[in-house]
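Colleague: The following block contains the structure, expressed as structure tokens.
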Amino acid sequence: MVAFEWTAAKFFWLFLINFFSFLYFTYFGMMTISITPNDQIAAIFAAGFYLLFSIFSGFYIPQPKIPGWWIWYY
Numbered sequence: 001m002v003a004f005e006w007t008a009a010k011f012f013w014l015f016l017i018n019f020f021s022f023l024y025f026t027y028f029g030m031m032t033i034s035i036t037p038n039d040q041i042a043a044i045f046a047a048g049f050y051l052l053f054s055i056f057s058g059f060y061i062p063q064p065k066i067p068g069w070w071i072w073y074y
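In UniProt numbering, the protein residues as written are 1 to 74.
What follows is the structure, given as structure tokens:
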């Protein structure tokens, strides 16, 4: 396994982070729909943002390898 710690505090931090990530992506989708003329353009705009978010979230590129001028996006 990956040696996760089975404590209530760790579980609630995970739950809180997942909950706020869900809210963030939901509200971002609502915002892109409201500021673009139709849903096709909103999907194109959001796809680019989601790509950048996924790349710099620390899963594809670890934090120490992110260039200094992109660290604000981490």
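Positions of the beta carbon are idealized from the N, C-alpha and C atoms, including for glycine.
1) DSSP three-state call for Ser54: helix, strand or coil?
2) Can you tell me where the alpha helix (DSSP H) holding Trp13 begins and where it ends?
3) Rounded to whole angstroms, what's the CA-CA distance from Ser34 to Phe19? Just pull it up for me.
4) Is the beta carbon of Phe45 less than 8 Å from the beta carbon of Thr36?
5) Would you kindly work out how many angstroms separate the C-alpha atoms of Gln40 and Tyr24, rounded to a whole number?
Modeller: With the structure as the only source:
1) Reduced to three states, the DSSP call for Ser54 is helix.
2) Looking at the DSSP string, the run of the alpha helix (DSSP H) that includes Trp13 is Ala8 to Ile35.
3) Cα to Cα, Ser34 sits roughly 23 Å from Phe19.
4) Yes; because the gap between Cβ atoms is below 8 Å, this pair is in contact.
5) When rounded, the distance between both Cα atoms is 20 Å.
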